[in-house]
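Participant: Here UniProt numbering is used: the first residue of the sequence shown is 1, the next is one more, and so on.
C-beta: ideal position from N, C-alpha, C; glycine also.
Owing to the predicted nature of the structure, the values given are computational and were not obtained by experimental measurement.
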Amino acid sequence: MNKTIELRTVAVTRYITPLREGGSLPALAEADDDFKYVLKFRGAGHGVKALIAELLGGEIARTLGLRVPELVFATLDEAFGRSEGDEEIQDLLKFSQGLNLALHFLSGAITYDPVVTEIDAELASKIVWLDAFTTNIDRTFKNTNMLMWHKELWLIDHGATFYFHHSWDNWEKHALSPFSLIKSHVLLPQASKLAEVDEKLKALLPDEKLREIVNLIPEDWLHWDDVDLNPEEIKEVYFQFLSRRKAHSQTFIKEAEDVRKLLL
């Protein structure tokens, strides 16, 4: 039986350095538990939706048995960052007061390089299945979002999953659609066991587990101006999206397998 998912909450005590990756400006920071974290800010470009994507994508991956750094809720005090000299970062910190999200920092980890490290077919298939399921547009040769740490592969940065929520239109259609952007996935050439891992992975994600993961989303992140839904209704959409997509997994598996045939 799967353990109940619980996330710790830490308070950020020290801003160490920005990690200038893309437009989100995550940062390396230290918290009151004396650990270092990669901090994702609610005040960054895509706001709380990127944090929700990070939370759902990361915890779904973990539930599937894939390695993901520990995720924690991270609070930012209003006084935090006043001494920051960079005005852009100062604004980011100001607009990120309150509850944010952070990933445990894997000190000494190196970026996964497909030329250097070969991933076996089953693991590659599980990761491709995950990313097609969650519609992750950002695990490409250009930006693998995977790290090698202690000779093991770790998945990071799921903030680009669930891209339907940036427009919130036709989520039902998105739930049942193939994922054409899987063609750019860095591990697709090795993912020869998609059909074999499908039932195994779906069995790890019964609806009760999907609802548990969705219920991790703090209500504080669910007060949106661009949709006429309350926090519970927004959670229900995320749950229905995942449940329906899981039930129709053959749609995104077939897309991935068809693209693989063209690549090989």
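E232 by DSSP, collapsed to three states: which one?
Facilitator: As a first step, residue 232 is located in the sequence shown; it is residue number 232 there, counting from the start. DSSP places E232 in helix when its eight states are reduced to three.
Participant: Apart from the five residues on each side of it in sequence, which residues of its chain come closer than 6 angstroms, Cβ to Cβ, to F73?
Facilitator: Within the sequence shown, residue 73 is the residue found at index 73, counting from 1. Contacts found: L7, T9 and L99.
Participant: Does DSSP put V72 in a helix, in a strand, or in coil?
Facilitator: The residue given as residue 72 occupies position 72 in the sequence shown. Here V72 sits in strand by DSSP.
Participant: Assuming the contact rule is C-beta atoms closer than 8 angstroms, V38 and L28 should be a hit. Round their C-beta distance to whole Å, please.
Facilitator: Taking the sequence shown and counting its residues from 1, one reaches residue 38 at position 38. Taking the sequence shown and counting its residues from 1, one reaches residue 28 at position 28. About 6 angstroms separates the two Cβ atoms, so the contact holds.
Participant: By how many angstroms is the C-alpha of L93 removed from the C-alpha of G47?
Facilitator: For the purposes of this step, residue 47 is identified with residue 47 of the sequence shown, where counting begins at 1. For the purposes of this step, residue 93 is identified with residue 93 of the sequence shown, where counting begins at 1. About 12 angstroms.
Participant: So for G45, helix, strand or coil by DSSP?
Facilitator: By 1-based counting over the sequence shown, the position of residue 45 is 45. Note: G45 maps to coil in three-state DSSP.
Participant: Whose C-alpha, out of L242, L204, H104 and F41, is nearest the C-alpha of I89?
Facilitator: To locate residue 89, count along the sequence shown from 1; it is residue 89. The option with the nearest alpha carbon to I89 is F41.
Participant: Below 8 angstroms on the Cβ atoms is my contact criterion, and I expect R67 with W154 to pass it. Report the Cβ-Cβ distance as a whole number of Å.
Facilitator: As a position in the sequence shown, residue 67 is number 67, starting the count at 1. As a position in the sequence shown, residue 154 is number 154, starting the count at 1. R67 to W154, Cβ: 5 angstroms. Contact.
Participant: For D91, which option in A132, N143 and L25 has the closest C-alpha, if you only look at C-alpha atoms?
Facilitator: Position 91 of the sequence shown, counted from the start, is the residue given in the question as residue 91. Comparing Cα-Cα distances from D91 to each of A132, N143 and L25, the minimum goes to L25.
Participant: Would a C-beta distance cut-off of 8 angstroms place A109 and M148 closer than the cut-off?
Facilitator: Numbered from 1 along the sequence shown, position 109 holds the residue referred to as residue 109. Numbered from 1 along the sequence shown, position 148 holds the residue referred to as residue 148. A contact, by the Cβ cut-off of 8 angstroms.
Participant: Starting from K40 and walking both ways along the beta strand (DSSP E), at which residues does that stretch end?
Facilitator: The sequence position of residue 40 within the sequence shown is 40, counting from 1. That run of the beta strand (DSSP E) goes K36 to K40.
Participant: If you draw a straight line from the alpha carbon of M1 to that of P206, how long is it in whole angstroms?
Facilitator: Position 1 of the sequence shown, counted from the start, is the residue given in the question as residue 1. Position 206 of the sequence shown, counted from the start, is the residue given in the question as residue 206. Residue confidence for M1 is low, a pLDDT of 46 falling below 50, so the modelled location carries little weight and cannot support an answer.
Participant: Which class does M1 belong to by DSSP, given the choice of helix, strand or coil?
Facilitator: By one-based count along the sequence shown, residue 1 stands at place 1. At M1, the pLDDT of 46 sits below 50, so the modelled position is not reliable and the matter cannot be decided from this model.
Participant: From the DSSP output, which residues share a beta bridge with V12?
Facilitator: As a working mapping, residue 12 is identified with position 12 in the sequence shown. Beta-bridge pairing links V12 to A31.
Participant: Compute the Euclidean distance between the alpha carbons of I16 and E257, then round it to the nearest angstrom.
Facilitator: Here residue 16 corresponds to residue number 16 of the sequence shown, with the count starting at 1. Here residue 257 corresponds to residue number 257 of the sequence shown, with the count starting at 1. I16 and E257: Cα-Cα distance of roughly 43 angstroms.
Participant: Taking all protein chains shown into account, do 16 or more other C-beta atoms lie within 10 angstroms of the C-beta of S249, making it buried, or fewer, making it exposed?
Facilitator: Walking along the sequence shown from the start, residue 249 turns up at place 249. The residue is buried, with at least 16 neighbouring Cβ atoms inside 10 Å.
Participant: Shortest alpha-carbon distance to D32 belongs to which of S243, A191, T75 and K49?
Facilitator: Along the sequence shown, read from residue 1 onward, the residue named residue 32 stands at position 32. Looking at the Cα atoms, T75 is the closest of the given residues.
Participant: Would you mind reading off the limits of the beta strand (DSSP E) that contains H174?
Facilitator: Counting from 1 along the sequence shown, the entry for residue 174 is found at position 174. Segment W171 to A175 is the alpha helix (DSSP H) holding H174; no beta strand (DSSP E) there.
Participant: Taking the straight line between their C-alpha atoms, what separation do you get for L123 and F252?
Facilitator: Taking the first residue of the sequence shown as position 1, residue 123 is located at position 123. Taking the first residue of the sequence shown as position 1, residue 252 is located at position 252. Their Cα atoms are separated by approximately 17 angstroms.
Participant: Classify L262: buried if its beta carbon has 16 or more other beta carbons within 10 angstroms, exposed otherwise.
Facilitator: Translated into the one-based positions of the sequence shown, residue 262 becomes position 262. Classification of L262: exposed, given that the 10 Å Cβ count is below 16.
Participant: State the Cα-Cα distance for the pair L176 and R244, rounded to the nearest angstrom.
Facilitator: Locating residue 176 in the sequence shown gives position 176, where the first residue counts as 1. Locating residue 244 in the sequence shown gives position 244, where the first residue counts as 1. C-alpha separation (whole angstroms): 7 angstroms.
Participant: Give the single residue among F35, W168, Y112 and I213 whose Cα lies nearest to the Cα of N143.
Facilitator: For the purposes of this step, residue 143 is identified with residue 143 of the sequence shown, where counting begins at 1. Comparing Cα-Cα distances from N143 to each of F35, W168, Y112 and I213, the minimum goes to Y112.
Participant: Can you tell me which residues form a DSSP beta bridge with N145?
Facilitator: To locate residue 145, count along the sequence shown from 1; it is residue 145. Bridge partners of N145: none, in fact.
Participant: Output needed for I234: all residues of its chain with C-beta closer than 6 angstroms, excluding positions within five of it in sequence on either side, in chain order.
Facilitator: Position 234 of the sequence shown holds residue 234. For I234, where only same-chain residues beyond five positions count, the Cβ hits under 6 angstroms are L222.
Participant: Need the endpoints of the beta strand (DSSP E) that A191 sits in, please.
Facilitator: Sequence index remark: in the sequence shown, residue 191 carries index 191 (1-based). Premise fails: A191 is in no beta strand (DSSP E) and is neither H nor E.
Participant: Let's test the definition: count the other Cβ atoms within 10 Å of the Cβ of K3 and tell me whether it reaches 16, buried, or not, exposed.
Facilitator: As a working note, residue 3 is residue 3 in the sequence shown. Classification of K3: exposed, given that the 10 Å Cβ count is below 16.
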